[in-house]
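So the structure is just underneath, and the comments pick up after that.
2 protein chains.
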Amino acid sequence: MKQHDCKEELRDNDLRITPARLGVLEVLEHTDTPVDVSTVIQYLHSHNIPADETTVFRILRVYTEAGIARPVQLDEGKQRFEYAAKPRHHHFVCEKCGGITDVTECNVESLEKTIERTQGVKIARHLLEFFGLCRRCRS
Amino acid sequence: MKQHDCKEELRDNDLRITPARLGVLEVLEHTDTPVDVSTVIQYLHSHNIPADETTVFRILRVYTEAGIARPVQLDEGKQRFEYAAKPRHHHFVCEKCGGITDVTECNVESLEKTIERTQGVKIARHLLEFFGLCRRCRS
DNA sequence: TCAGTATATGCAAGTAACTTGCATTTGTCA
DNA sequence: TGACAAATGCAAGTTACTTGCATATACTGA
Numbered sequence: 001m002k003q004h005d006c007k008e009e010l011r012d013n014d015l016r017i018t019p020a021r022l023g024v025l026e027v028l029e030h031t032d033t034p035v036d037v038s039t040v041i042q043y044l045h046s047h048n049i050p051a052d053e054t055t056v057f058r059i060l061r062v063y064t065e066a067g068i069a070r071p072v073q074l075d076e077g078k079q080r081f082e083y084a085a086k087p088r089h090h091h092f093v094c095e096k097c098g099g100i101t102d103v104t105e106c107n108v109e110s111l112e113k114t115i116e117r118t119q120g121v122k123i124a125r126h127l128l129e130f131f132g133l134c135r136r137c138r139s
Numbered sequence: 001m002k003q004h005d006c007k008e009e010l011r012d013n014d015l016r017i018t019p020a021r022l023g024v025l026e027v028l029e030h031t032d033t034p035v036d037v038s039t040v041i042q043y044l045h046s047h048n049i050p051a052d053e054t055t056v057f058r059i060l061r062v063y064t065e066a067g068i069a070r071p072v073q074l075d076e077g078k079q080r081f082e083y084a085a086k087p088r089h090h091h092f093v094c095e096k097c098g099g100i101t102d103v104t105e106c107n108v109e110s111l112e113k114t115i116e117r118t119q120g121v122k123i124a125r126h127l128l129e130f131f132g133l134c135r136r137c138r139s
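Protein sequences appear in the order of chains A and B. Heads up: the first sequence begins at 1 in my numbering, then just goes up one per residue. Heads up: the second sequence begins at 1 in my numbering, then just goes up one per residue.
Spelled out as structure tokens, the structure:
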């Protein structure tokens with residue numbers, strides 16, 4: 001069922017169906033926080049899909065180009081990726097436990113308009129991420 | 001004059017005064033865009049201050065800890081730094097020419113309040129950077 | 001259904017941005 | 001001015017990738 005959806009998604013994007021690609025698509029669909037490469041590899045290995053680090057990097061690049069995955073930059077010195085079918089959103093990162101939660105609210109659009117007007121630039125995208133202590137770590 | 005200010009700033013922070021440290025402080029003060037390590041090294045060398053890459057990394061870390069410099073993360077896979085005496089602000093990066101300009105406006109505080117309320121988290125800081133085409137590259 | 005071919009993968013090696021260890025040099029302060 | 005702590009330089013290590021190339025594998029169409 002899930003398997004079927006994944007295959008279809010790959011076919012729709014003219015991408016060959018391989019175990020590694022199906023596995024990576026599954027992680028992206030099943031994980032609700034942006035994943036890094038080592039998490040993906042762990043998932044694949046625990047599902048007996050023998051995928052090399054290089055392959056995972058390549059798959060994630062292909063997915064990004066195809067619009068299946070979306071890179072997420074959380075100020076960590078490494079890329080994370082999330083499933084691009086999820087609507088665009090921002091994140092909150094707990095600086096103590098490392099937990100990541102989605103932030104769907106965003107009021108930056110009006111600010112973008114202002115900046116475009118005052119600076120004469122054309123804004124294509126913005127990066128907005130929040131850092132602090134999560135509910136549990138606050139106490 | 002400038003030199004004197006720099007020395008004083010180092011002394012105020014209980015940091016030893018060395019040519020490399022003075023040089024790095026000068027770049028930070030004189031450059032109006034966040035600088036990366038290679039830019040700093042170029043500046044030092046062009047001013048006949050022979051500083052090693054390692055030293056520059058170390059100085060920038062010391063400055064960050066002392067609150068003299070502030071790290072800036074612009075989604076490039078490397079750190080930049082700016083003079084921390086400048087009030088906190090955001091940036092606009094031109095994706096064509098790479099030019100960086102300051103963005104002083106920010107309306108994210110109210111959003112932070114909302115997120116803190118709805119998610120029960122405590123937000124300490126946020127990352128907000130804009131990407132697009134600068135005035136010149138638009139045309 | 002199977003052979004041919006284009007493409008995906010794995011492995012080794014390379015790169016960029018740092019970090020660490022350690023011996024040497026250099027500020028600082030008595 | 002000299003002693004000592006701290007800063008520097010160099011070499012080597014680390015992490016997050018990327019690239020080249022030979023091999024394996026998925027798709028195509030006969």
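Backbone N, C-alpha and C fix where the C-beta goes; we use that ideal spot for every residue, glycine too. All values reported here derive from a predicted model rather than from experimental measurement.
Check, Outcome
"Quick check on this structure: which residue in A:Asp32, A:Thr33 and A:Glu9 has the alpha carbon closest to the alpha carbon of A:Leu22?", "A:Glu9"
"According to the neighbour-count rule (16 or more other Cβ atoms, all chains shown, within 10 Å of its Cβ), is B:Ala69 buried or exposed?", "buried"
"Under a Cβ-count criterion, where at least 16 other Cβ atoms within 10 Å of its own Cβ denotes burial, should A:Lys2 be classed as buried or exposed?", "Unreliable placement is indicated for A:Lys2, whose pLDDT of 45 sits below 50; the coordinate value is still reported in the next sentence. Counting Cβ neighbours within 10 Å, A:Lys2 comes out exposed, since fewer than 16 surround it."
"Residues in the same chain with beta-carbon distance under 8 Å from A:Val27, minus the five sequence neighbours each way, listed in chain order, please.", "Val35, Thr39, Val40, Tyr43 and Leu44"
"From what residue to what residue does the beta strand (DSSP E) around B:His47 run?", "Looking at the DSSP string, B:His47 is not in any beta strand (DSSP E), and its letter there is neither H nor E."
"Pick helix, strand or coil for B:His89, following the three-state DSSP scheme.", "coil"
"Determine, for A:Ser110, whether the minimum Cβ-Cβ distance to residues of chain B falls below 9 Å.", "yes"
"How would you call B:Glu82, buried or exposed, if buried means at least 16 neighbouring beta carbons within 10 angstroms?", "buried"
"Go to A:Leu127, then tell me how far its alpha helix (DSSP H) extends in each direction, as first and last residue.", "First-last for A:Leu127: Lys122 to Leu133, but that is the beta strand (DSSP E), not the alpha helix (DSSP H)."
"Hey, how far is the Cα of B:Pro87 from the Cα of B:Glu105?", "11 Å"
"Quick check: the segment 88-107 of chain B against the segment 45-55 of chain B, are at least 3 beta-carbon pairs closer than 8 Å?", "no"
"Does B:Cys106 come within less than 9 Å of chain A when only Cβ atoms are used?", "yes"
"Could you list which residues in chain B have their beta carbon closer than 7 Å to that of A:Asp75, in chain order?", "Gln73 and Leu127"
"Going along chain B in order, which residues have a C-beta closer than 9 Å to the C-beta of A:Ala85?", "Here the premise fails: no neighbours, minimum Cβ distance about 22 Å."
"Let me check understanding here. Comparing Cα to Cα, which of A:Asp32, A:Leu128, A:Val37 and A:Val121 lies closest to B:Arg136?", "A:Val121"
"Does B:Leu60 come within less than 9 Å of chain A when only Cβ atoms are used?", "no"
"Residues of the segment 20-53 of chain B with a CB closer than 8 Å to any CB of chain A: list them in chain order, please.", "none"
"Does DSSP classify B:Arg61 as helix, strand or coil?", "helix"
"Candidates B:Asp12, B:His30, B:Val56 and B:Asp102: which alpha carbon is nearest B:Gly67's?", "B:Asp12"
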